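Quick notes on the structure that follows.
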Amino acid sequence: MTNVTGIKAKLTAVGACALGAVALAAGPASAAEWEVDYAGSASGGSSWECVYDSSRADACFGDVGEWFAIRDKASNNLPVAIQWEFYLWGIPERQGVIYSTAGVSAGWQYKNKSFPESADTNGDTFVKFRACEAQGSGDTRTLVSCSSWKYSTT
Numbered sequence: 001m002t003n004v005t006g007i008k009a010k011l012t013a014v015g016a017c018a019l020g021a022v023a024l025a026a027g028p029a030s031a032a033e034w035e036v037d038y039a040g041s042a043s044g045g046s047s048w049e050c051v052y053d054s055s056r057a058d059a060c061f062g063d064v065g066e067w068f069a070i071r072d073k074a075s076n077n078l079p080v081a082i083q084w085e086f087y088l089w090g091i092p093e094r095q096g097v098i099y100s101t102a103g104v105s106a107g108w109q110y111k112n113k114s115f116p117e118s119a120d121t122n123g124d125t126f127v128k129f130r131a132c133e134a135q136g137s138g139d140t141r142t143l144v145s146c147s148s149w150k151y152s153t154t
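Each step along the sequence shown adds one to the number in my numbering, with nothing skipped, and position 75 is 75.
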């Protein structure tokens, strides 16, 4: 009986250590802070790369000046959003969402972000983004009906 109890205690300790190691390993990947912004009507950017494969929204990124653009395509009174992630030398540096609550009639809405310019020739410094519909309210809406991810250099 004592042997079984000792083995159970050792297995529990090993399991706890393994879970702790997994938590530590997962930590740096999620270290990028989450930024929340709202698009406005000001225009900007150039050299646009876009995703058009969502039925709810179109999204673009202009690498000159680091502008994002979003356009609502569904007349359903729900906001749309760009979910984005910025990688510096292959490491997730920043991430966030840009909401547009202006509706279909507003057309393209824009938000300027600032990312470090890079002389990266390996393609390890980039932005990835996608267009989504946003359900709920406030800064923590649920993103649904998202497009595929689009990758663009900065």
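All C-beta atoms, glycine included, are put in the ideal place defined by N, C-alpha and C.
Predicted model only: the values in this text are computed from it and were never measured.
Continuous beta strand (DSSP E) stretch holding residue i: start and end
i: G65; result: Looking at the DSSP string, G65 is not in any beta strand (DSSP E), and its letter there is neither H nor E.
i: W156; result: The question about residue 156 has no answer, for the chain in this structure spans 1 to 154.
i: D139; result: Premise fails: D139 is in no beta strand (DSSP E) and is neither H nor E.
i: K150; result: 150-153
i: D37; result: 34-38
i: A81; result: 80-88
Exposed unless 16 or more other CB atoms sit within 10 angstroms - verdict on residue i
i: V36; result: exposed
i: I91; result: exposed
i: Q135; result: exposed
i: E133; result: buried
i: D72; result: buried
i: E66; result: buried
i: V22; result: Model confidence at V22 stands at a pLDDT of 32, short of 50, so the residue's coordinates are unreliable; what they give is reported in the following sentence. V22 should be labelled exposed.
i: D53; result: exposed
i: G138; result: exposed
Cβ-Cβ distance between residue i and residue j below 8 Å
i: S105; j: P79; result: no
i: A42; j: R56; result: no
i: K128; j: K150; result: yes
i: I82; j: V97; result: yes
i: G88; j: T125; result: Looking at the sequence shown, residue 88 is not Gly but Leu. Result yes, Cβ atoms of L88 and T125 sit closer than 8 Å.
i: A69; j: G45; result: yes
i: E33; j: R94; result: yes
i: E49; j: S152; result: yes
i: T154; j: F115; result: yes
Secondary structure of residue i, DSSP reduced to three states
i: S43; result: coil
i: S100; result: strand
i: S145; result: coil
Counterpart residues of residue i in DSSP-defined beta bridges
i: E49; result: F61
i: E72; result: Looking at the sequence itself, residue 72 is Asp, so the reference to Glu does not match. Note: D72 sits in a beta bridge opposite A57.
i: C132; result: A81
i: P92; result: Y87
i: F126; result: Y87, T153
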